[in-house]
Structures are given as structure tokens and as C-alpha cells.
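Presented below is the structure to which this report refers.
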């Protein structure tokens, strides 16, 4: 790290509503000369669309082609993205990587962080996670004083989901997509289905809240999640 | 709910850095005629101090005396606070309740929400949780694709802490205070101590990061927490 290299920012930009950026993320976003963001194989550039109104035409943009679901074979994608970003940092330009939600909670930025933070000054700006934003939109207080909250992806096996949910006071199950039926069955088995709340694309313009019993499994998007709030409503 | 009543906001104001308010919380904070905030028995008015520079002199302020640790006996405190807030709402004035971190994650606002949201239009604005802010400050990516994150208070019994931590891929243990030694012993027993990271008052001016082995148990504040990041650093 020499003084002439740029600074890398992992910029949490929140769940979808552009007003849910922090004042800090907003300031950094407008001040950096270079921004980078995931451009998924399925054509989605969600992160950029969230902050589109805040960008300036003179900013350099690095769309990073990334596979939709990270696997071992996604390594080359992150290698290439890291190399592109390192190019600008080495030239002394600050680079902000846009991260939906929070950079360190299931974020693809972590793979870039692990490649670049040893070589360049790096700052991570936390963002509003879709998990907490969903609880807010659903009007569902999550955890009271002695509760444990577990946040887990729906991609887990039925067995692990069952084990983790059986002991959670409150839980949030993310990335539902085609895993909805599996999760629903586990919730019914554990007697949690009545408490479960469902939301799609929290805080985005096309947010949708529907009773979980009415959900059509074939139509559940990736950006859907289930919130199971704590039962301890009566305390205090 | 008639048109003439005011709107209640549960306003997440983040972990301490005033720049970690969202643009939305900032806008609402400046637009409402009435703000309310916890004034703890120990004299701390942390929430107000975070946003002090954003307040306007003409805003009405309602300091709410609340016990530091909610117990069954804290019910009367919340009853009184809810009554005060309801007074302004009934008069048609919007009231924003300041919530450190996120309103629905171990927040005292939940006790007001449960008392008032049935009677008045209520909106909860999510905030940056100290849990995610701490991971960002520590440079600790939390969870990769198939990980489960558990967030739990240090006030839990040794037995429950052991059971929950034994199966967590990543964990955050909050409200350490006088419970530090108990948590430390459990972490050592489970072989998690080497991975554990310690931080006090994340993002506040007096933030302190120290190697967990150097922590003096008698001096651990309430606003200290431990982050145990996932080990799956090598994936992708």
C-alpha cells in the first residue's frame, strides 16, 4: 500500500429503495471516480439500477460479469473482476463496488475483498440488509431480549433447515426461489408455518407481500424470503 | 385510524456514526414535529446524541425514561412512554421514535410498536445494525452461500450459548458486558476462540478494536460484541 494507490470501497447500498442508502454510502458513491457492480449472467444489473439516479456521467463504470449462483467454477469471474478493479486502484483511483444489501452478509463482494484487501486500503460501508428491511416492511418485530435470530439460505438441505429452524427463536430464510416447497414442508412439520411471513423484493417498486398459504411455489422469485418473528410478544 | 391522527415512525438510526443514518431516516427525522428517544436510567441518551446535529430547535422532544435492561417490571415504563406518544399522535402530529441500530432487532421500540401500531398508522424504517457494522469495521466477511448466521445475546445461559454456537457457521454475540468471561469459556471449549473478533462501540467516536485474548473481562462494556466469521474463505 503506497500513498499513490487508490482506496477500495465495499459499498452497501441496501435492499432496493434508493432512499435506504446511508448518508455515507451516498457521499462516497458521488465522490469516487470509478464504480464497479455485478452484471449477472441473466442480464440483471440490479445494484446499478438502485443508485442510477445518483451517478454522474463522468464516472467510470465497471460492470463485472458474475455467475448468478457462485460455485467453484465462478473463481475465474472474480479473478477477472479483481484484476480490472486493481488496475484502477494501482493508477491511484478510488473504486466503489456496489453491494446490494450489506457487503458481508452473503455478498459477492466478499470474494473481491478476499482478493484485494491485502493489497489495497479497503473500507467496507455496511448497508441495510434485505433481511431487516423485510421485517420492517412486514411489521414483524424480530427478536426480544433473550432470543436467537438465525439467518439462513433456502438452498440448505431439508435436514439442515429442520435442525436449525427447530432451535431458532426467530429466523429469516433467504433466496427462496425454487426451494420454496422444501422450506414450506419443513415449516409445516415444525409447526412454524402459521407464524411465517412471506415477502418478495422488499422495498423495491415491485415489492409484494402475500399470505404464505397463498404463495404459488412455481412463481417464487430468488429475491423472496420468509420471516419467522419471535413469539415473545407479551414480554414488557 | 382517522385522517386527523399523526403517523408513528420507528426510525432506525444505526450503530453510532451519524453518517450511517439512511437518506430516508434523515429526511423523516428532519420533517417530523415530534421525536421521542429512550433516556436510560443510567443517564445515557445515546440515540439522541447520534442525531444531535440533525435536530431542529423547534422540534418537540420526548425523552422516555426506560430501564436499561428490559424485564417484566419495565412494563409501566413502556405504558407511560406509549401514552405520551399517543397524545401527540392523537393531536395529528407525526412522531419519530429514535432507535439505535435497527428497530426490530432487539430494539426497545418493539414494546412501543406492540402497544401503538394497532391504533395508529406506523412505519418502521430499517437501520444499520451494530452487528453488521461491526463485521464491516473488523474487515470480517460473515457468511458465504450455504452458511447460517446466528445472532444472540451474551445474556443466554452457558448451555444455550454452547448449543447454538456449536452449529453456527458464523455468529455474532451481542451485549457482552459482564457476560464476557462466560462467552469466552464457551468459545474456548468449542475451539472457536481463535476465530473470534472483539469490538467495542462499533462506528462510535470511541470505537475500540482489540485482540480478544487481550480483553480485560472487568472492563467490557455493554456495547461490546464478538464476531465469529465463517471459515469458508476459500470458496470462489
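Residue numbers (my numbering), protein chains in the order written: chain A, 1 to 236; chain B, 1 to 236. All C-beta atoms in this analysis are idealised placements derived from N, C-alpha and C, irrespective of residue type, glycine included.
Counted within 10 angstroms of its Cβ, other Cβ atoms place residue i as buried (16 or more) or exposed
i: residue 53(B); result: exposed
i: residue 137(B); result: buried
i: residue 95(B); result: buried
i: residue 129(B); result: buried
i: residue 209(A); result: exposed
i: residue 56(B); result: exposed
i: residue 164(A); result: buried
i: residue 118(B); result: exposed
i: residue 234(B); result: Model confidence at residue 234(B) stands at a pLDDT of 49, short of 50, so the residue's coordinates are unreliable and nothing is read from them.
i: residue 179(B); result: buried
i: residue 236(A); result: With a pLDDT of 48 at residue 236(A), under the threshold of 50, the modelled position of that residue is not reliable, and the figure given next carries that caveat. Looking at its Cβ environment, which holds 16 or more other Cβ atoms inside 10 Å, residue 236(A) is buried.
i: residue 27(A); result: exposed
i: residue 15(A); result: buried
i: residue 230(A); result: buried
i: residue 205(B); result: exposed
i: residue 80(B); result: exposed
i: residue 127(A); result: buried
i: residue 73(B); result: exposed
i: residue 108(B); result: buried
i: residue 218(A); result: exposed
i: residue 196(A); result: buried
i: residue 166(B); result: exposed
i: residue 1(B); result: With a pLDDT of 48 at residue 1(B), under the threshold of 50, the modelled position of that residue is not reliable, and no figure is offered here.
For residue i: DSSP bridge partner residues
i: residue 37(A); result: 63(A)
i: residue 172(B); result: 151(B) and 227(B)
i: residue 200(A); result: 208(A) and 224(A)
i: residue 191(B); result: Answer is none; residue 191(B) lacks a bridge partner.
i: residue 9(B); result: 96(B) and 123(B)
i: residue 14(A); result: 101(A)
Contact under 9 Å by Cβ, residue i with residue j
i: residue 32(B); j: residue 156(A); result: no
i: residue 171(A); j: residue 17(A); result: no
i: residue 177(B); j: residue 89(B); result: no
i: residue 10(A); j: residue 122(A); result: yes
i: residue 19(B); j: residue 37(B); result: no
i: residue 29(B); j: residue 51(B); result: yes
i: residue 105(A); j: residue 151(A); result: yes
i: residue 161(B); j: residue 125(B); result: no
i: residue 175(B); j: residue 153(B); result: yes
i: residue 212(A); j: residue 100(A); result: no
i: residue 115(B); j: residue 77(B); result: no
i: residue 228(A); j: residue 173(A); result: yes
i: residue 22(B); j: residue 46(A); result: no
i: residue 220(A); j: residue 200(A); result: yes
i: residue 238(A); j: residue 185(A); result: Here chain A covers residues 1 to 236 and nothing more, so residue 238(A) does not appear.
i: residue 8(B); j: residue 97(B); result: yes
i: residue 139(A); j: residue 113(B); result: yes
i: residue 63(A); j: residue 25(A); result: no
i: residue 169(B); j: residue 214(B); result: no
Test: residue i CB closer than 9 Å to a CB of chain E
i: residue 207(A); result: This model lacks chain E altogether; the protein chains it does include are A and B.
* To do: Pick out the complete alpha helix (DSSP H) segments inside the stretch 99-162 of chain B, 4 residues or longer, and give them in chain order.
  => 109-116 and 130-138
* To do: Quick one: which residues of the stretch 179-205 of chain B get their C-beta closer than 7 Å to a C-beta of chain A? List them in chain order.
  => none
* To do: Check distances from the C-beta atoms of the stretch 104-129 of chain A to those of chain B and list, in chain order, the residues that come in under 9 Å.
  => 104, 105, 106, 107, 108, 109, 110, 111, 113, 114, 117, 122, 123, 124, 125, 126, 127, 128 and 129
* Residues, ordered as in the chain, of the stretch 28-61 of chain B that lie near chain A by beta-carbon distance below 8 Å -> none
* Check each residue of the stretch 3-20 of chain A: if its Cβ is closer than 9 Å to any Cβ of chain B, include it; give the result in chain order. => 10, 12, 14, 15, 17, 18, 19 and 20
* Using a Cβ-Cβ cut-off of less than 8 Å, list which residues of the stretch 84-101 of chain A approach chain B; keep chain order. => none
* Which residues, in order along the stretch 145-161 of chain A, keep a beta-carbon less than 7 Å from a beta-carbon of chain B? -> 145, 146, 148, 149, 150, 151, 152, 153, 155 and 156
* Mind listing which residues of the stretch 210-230 of chain A have their C-beta closer than 7 Å to chain B's C-betas, in chain order? -> none
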